[in-house]
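Peer 1: The structure that follows is given in the form of structure tokens.
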Amino acid sequence: MDRVKRTLAPYLLVLPGGLWLLLFFAVPMVTMLSLSLQEGDIVNGFVFTGHWQNYTESLADYQTQLIRSLVYGAITSIVLIVLAFPVAYWIAFYGGKKKATYLFLIMLPFFVSFVLRTISWRMLLTDDGVLLHPLKSAGVLPDDFQVLGSSSAVVFGLVYSFLPFMVLPIYVALERIDPRVVEAARDLYASPMTSFRKVIFPLALPGVFAGVLMTFVPASSDYVNSELLGSSETTMIGQVIQAKFLSNSDYPSASALSFTLMAVLLIGVFAYARALGTEDVMKVAAR
Amino acid sequence: MFPTDKPSPSLLRGMTQSRLGRRDALRLGGLSAMGAFLAACGVEGKGKPQASIAPDAVAKFWSGKTQSGKLNFANWPLYMDPKKPELKKFTTKTGIQVKYDEVIQEMGPWFAKVQPQLSAGQSIGYDLMVITNSIQFGQFRDSGFLAPLDHSKLPNYAANAAKSYAASSYDPGNVFSIPYASGITGIAYDPSKIKEPVTSLADLWNPKYKGKVGMFKDLQELGNFGLLAAGLDPSKSDETSWKQAAAKLKEQKDGGLVRNYYDQSYVDALGKGEVWITQAWSGDIFQKNVSDGTNFKFVIPSEGGTIWTDNMAIPVTAENPVDAITLMDFLYDLENATTLAEYINYVCPVPGAQAQMKKHAAAASGEDKDFLLSVADSPLVFPGDAEYKRLHYYVNFNTAEEKNDFERVFQPIVLG
Chain A
1 MDRVKRTLAP YLLVLPGGLW LLLFFAVPMV TMLSLSLQEG DIVNGFVFTG
51 HWQNYTESLA DYQTQLIRSL VYGAITSIVL IVLAFPVAYW IAFYGGKKKA
101 TYLFLIMLPF FVSFVLRTIS WRMLLTDDGV LLHPLKSAGV LPDDFQVLGS
151 SSAVVFGLVY SFLPFMVLPI YVALERIDPR VVEAARDLYA SPMTSFRKVI
201 FPLALPGVFA GVLMTFVPAS SDYVNSELLG SSETTMIGQV IQAKFLSNSD
251 YPSASALSFT LMAVLLIGVF AYARALGTED VMKVAAR
Chain B
1 MFPTDKPSPS LLRGMTQSRL GRRDALRLGG LSAMGAFLAA CGVEGKGKPQ
51 ASIAPDAVAK FWSGKTQSGK LNFANWPLYM DPKKPELKKF TTKTGIQVKY
101 DEVIQEMGPW FAKVQPQLSA GQSIGYDLMV ITNSIQFGQF RDSGFLAPLD
151 HSKLPNYAAN AAKSYAASSY DPGNVFSIPY ASGITGIAYD PSKIKEPVTS
201 LADLWNPKYK GKVGMFKDLQ ELGNFGLLAA GLDPSKSDET SWKQAAAKLK
251 EQKDGGLVRN YYDQSYVDAL GKGEVWITQA WSGDIFQKNV SDGTNFKFVI
301 PSEGGTIWTD NMAIPVTAEN PVDAITLMDF LYDLENATTL AEYINYVCPV
351 PGAQAQMKKH AAAASGEDKD FLLSVADSPL VFPGDAEYKR LHYYVNFNTA
401 EEKNDFERVF QPIVLG
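Here the protein sequences line up with chains A and B, keeping their order. So that you can map any letter, position 61 of the first sequence is 61 in full-length UniProt numbering, and since no number is skipped, the others follow by simple counting. So that you can map any letter, position 382 of the second sequence is 382 in full-length UniProt numbering, and since no number is skipped, the others follow by simple counting.
This is how it looks when you write it as structure tokens:
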């Protein structure tokens, strides 16, 4: 009896989560895949054709937005590494007893709704807002100067939104470094720069990888920042998918675009993991 | 043209409750609403009957249906006085209990939400809903999701409604719906930035306002203005004219004139100086001026503007359709239509409400009196013949293919 219990235990443990995933992840995914291969309209119904034309057509129409999203996502991730690494480094090695407080401060903005914070940026950065209006009146900036509506505004918003998701994993990786390893490097006459380059940074790479994973993917598919801070010149693929789903009821091409985006992101992430050369980098990142 | 210059304290008081929520929703749903508007315009051009139903459909639907004493009403936010005086009166008079929910925020998502239940022949939990004459209106209608109305149960409607609504292109003869309220899409501008008076659509293409022009994201609204600016009649438009209109809009966009394509947020953008001149909905500008003390102007362009209508309709799977149609007619009672319009401030479908509102104003005093008079005299609540002549409905689509073509022509302008 005990043996039966022991054999069943792992399955029973995985059952609730497994069922949940099956119902709310696997089933919608399959439905969406099927939808992406259908044709028709909402009134007369969609019929399965098995043709890939939704993919080719929507990609032909919206490749600019897809590429733009990936570029924004990549720039966001790079800027984030540059910004987050020093912060994480400082907290990990010089934070002392207040580490938890500093980390809490990094997380603090996240206690306010993400959309609300983005709207606040909109109010701050707007043409006649508190930031630009005084500068324009003082003649520092030309009257028609604007921040909102540009690619930089969107990337700025993305960087701001995802900063903690880069700081935290890098911090965790740095935190875990045994100080004696760094001391050993110094004992072997490595300069601070060399010990950083040859010891600390490589050991922090899994954290950077996790950070990129947690920022590049959501940043590329984000649509709130572009919607609120951008213009029609900064449209991202998430906005296209949203418009197709909700406004046009064009479920097949919306599904096709979603799958395309997912495939591109997966390929990108795996290529990145491969390029880093750490086979079990995913495992480390997952820890 | 609208008394926006001096917001009187009464106005302020009357308008403390901002209706932005609903307009936000409308703006978000704008894409679809635009589609419906355009859809509505195309009827005559295509020469095809929009709503062909079997002659006995009305009798078939209503036979055996009786009043049940309760009713569920789905409406947009802030589309009725929060105290619901009209509904209370209705319950006192008829004994029918009304559950009123402000659940409709955007047409696209609303259709997407109820479509599966309606397709399966199940009740959506509502017996009466208010839907814009958008692309989705056509989808509701063509899918057979709307109950045909028994006009013998609508005597107040027959007596009091403006006759023009029966000739609408999205529901000719009011087979499936009767109007709840309408609104006008025109041009709003900030007179502190733009000194010369704005009168024409050409002003949205004026290079002097480069980067300061706002257009709507809603494809019907955008497409309609493109068509009018290109000198084309939305009601007689086809794919060739859509492409001409799109070229006109593309020229505006490529010239760097357009700051952005907005949903409801255009009001905010106007307030913050992001745009100086923009496509706008009549009611918003009125409310913005009253609530924030701004002095924006709203004009119906000389080439014409757009009119859209929110309509009451009964889902075909409604459990209490008799109660629903009773309420529909009740809201067309002259007094009820008047009090409703006094709160909503969009175009009232009952012309007689204007005189009635003036009577209410005469009986009132002080701030209330000023407020009621300003609403009663507003051409944006009670447009005259001159205004109506310049207003166009959305382009109408006879087939799903036309709708898809339309979206494919105009969508790339918004999603650059």
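Note that the Cβ used here is the ideal one computed from N, Cα and C, for glycine as well.
(1) Which residue comes first and which comes last in the alpha helix (DSSP H) that contains B/THR309?
(2) Is any beta-carbon of chain A found at less than 9 Å from that of B/LEU204?
(3) Going along the chain, which residues of the region 217-238 of chain A sit with their C-beta nearer than 7 Å to a C-beta in chain B?
(4) Can you give the Cα-Cα distance for A/LEU116 and B/GLN117, rounded to whole angstroms?
(5) Measure from the alpha carbon of B/LEU331 to the alpha carbon of each residue in B/THR66, B/TRP62, B/LYS359, B/LYS84, then state which is nearest.
(6) Within 10 angstroms of its Cβ, does B/ASP101 collect 16 or more other Cβ (buried), or is it exposed?
(7) Measure the CB-CB distance between A/SER220 and A/ILE241 and report whether it falls below 9 Å.
(8) Could you spell out where the alpha helix (DSSP H) holding A/VAL181 opens and where it closes?
(9) Name, please, each residue of chain A whose Cβ falls closer than 9 Å to the Cβ of B/ASN404.
(10) Between B/LYS113, B/LYS70, B/TRP110, which lies nearest to B/THR91 when the distance is taken from Cα to Cα?
(11) Taking only beta-carbon positions, decide if B/GLN97 is within less than 9 Å of chain A.
(12) Using a C-beta cutoff of 9 Å, does B/GLU401 count as contacting chain D?
(13) Counting only runs of 3+ residues fully inside the region 341-390 of chain B, write out the beta strand (DSSP E) ranges in chain order.
(14) My output table needs one value for B/TRP205: the three-state DSSP class, helix, strand or coil.
(15) Which class does B/SER32 belong to by DSSP, given the choice of helix, strand or coil?
(16) Which of the three DSSP states is assigned to B/GLY64 in this structure?
(17) Does DSSP classify A/PHE270 as helix, strand or coil?
(18) Since A/PRO206 is in the alpha helix (DSSP H), which residue starts that stretch and which ends it?
(19) Whose CA, out of B/ASN72, B/GLY416, B/PRO321, B/LYS113, lies closest to the CA of B/ASP254?
(20) Assess contact between the region 179-199 of chain A and the region 140-157 of chain A, defined as three or more Cβ pairs (one per stretch) separated by less than 8 Å. Is contact present?
(21) For B/TRP242, which residues does DSSP report across the bridge?
(22) By Cβ distance, which residues of its chain are closer than 7 Å to A/VAL172, with the 5 residues on each side in sequence left out?
(23) Counting Cβ pairs, one atom from each stretch, are 3 or more of them under 8 Å apart for the region 179-187 of chain B and the region 298-315 of chain B?
(24) Just mark B/GLU335 as buried or exposed, buried being the case when its beta carbon has 16 or more other beta carbons within 10 Å.
(25) Could you confirm whether any beta carbon from chain A is found closer than 9 Å to the beta carbon of B/TYR261?
(26) For A/PRO86, count neighbouring C-beta atoms within 10 Å of its own C-beta (all shown protein chains included) and say buried if the count is 16 or more, exposed if not.
(27) On the CB-based measure, 16 or more other CB atoms within 10 Å of its CB, does B/GLU239 come out buried or exposed?
(28) Considering only DSSP beta bridges, list what A/ASP41 is partnered with.
(29) Along the region 21-49 of chain A, what residues have a CB closer than 7 Å to any CB found in chain B?
(30) Just to confirm my understanding: we take A/LEU203, look at its own chain, exclude 5 residues before and 5 after, and list those with CB closer than 6 Å. What are they?
(31) Could you tell me the alpha carbon to alpha carbon distance between B/ASP310 and B/PRO349, rounded to whole angstroms?
(32) Can you tell me where the beta strand (DSSP E) holding B/ASP218 begins and where it ends?
(33) Applying the 10 Å Cβ sphere with the 16-neighbour rule, what's the burial state of A/TYR11?
(34) Expressed to the nearest angstrom, what Euclidean distance is found between the alpha-carbon atoms of B/PRO383 and B/MET357?
(35) Cβ of B/VAL58 within 9 Å of Cβ of B/LEU128?
(36) What are the partner residues of B/ILE131, as DSSP defines its beta bridges?
Peer 2: So, from the listed chains and residues:
(1) Per DSSP, B/THR309 belongs to no alpha helix (DSSP H); it is in the beta strand (DSSP E), 305-313.
(2) no
(3) Result list: SER231, SER232, GLU233, THR235.
(4) 34 Å
(5) B/LYS84
(6) exposed
(7) no
(8) Run containing A/VAL181: 179-187, per the alpha helix (DSSP H) assignment.
(9) Taking the beta carbon of B/ASN404 as reference, the chain A residues within 9 Å of it are ASP41, ASN248, ASP250, listed in sequence order.
(10) Closest in alpha carbon position to B/THR91, among B/LYS113, B/LYS70, B/TRP110, is B/LYS70.
(11) no
(12) Absent here is chain D; the protein component of the structure consists of chains A and B.
(13) none
(14) Residue state, collapsed to three classes: helix.
(15) Reliability of the predicted coordinates at B/SER32 is poor, the pLDDT of 37 falling under 50, and the value obtained from them is presented with this limitation in mind. Three-state result, B/SER32: helix.
(16) coil
(17) helix
(18) 201-221
(19) B/GLY416
(20) Touching, no, given that fewer than three Cβ pairs across the two stretches are closer than 8 Å.
(21) None; B/TRP242 has no bridge partner.
(22) GLY207
(23) yes
(24) Under the 10 Å beta carbon count, B/GLU335 is surrounded by fewer than 16 other beta carbons and is classified as exposed.
(25) Proximity of B/TYR261 to chain A, defined by a Cβ-Cβ separation below 9 Å, is satisfied.
(26) exposed
(27) exposed
(28) A/GLY45
(29) ASP41, ILE42, VAL43, ASN44
(30) ILE177
(31) 10 Å
(32) Careful: B/ASP218 lies outside any beta strand (DSSP E) and carries neither H nor E.
(33) Here A/TYR11 is exposed. Its C-beta has fewer than 16 other C-beta atoms within 10 Å.
(34) A straight-line Cα-Cα distance of about 15 Å links B/PRO383 and B/MET357.
(35) no
(36) DSSP output for B/ILE131 lists B/ASN311 as bridge partner(s).
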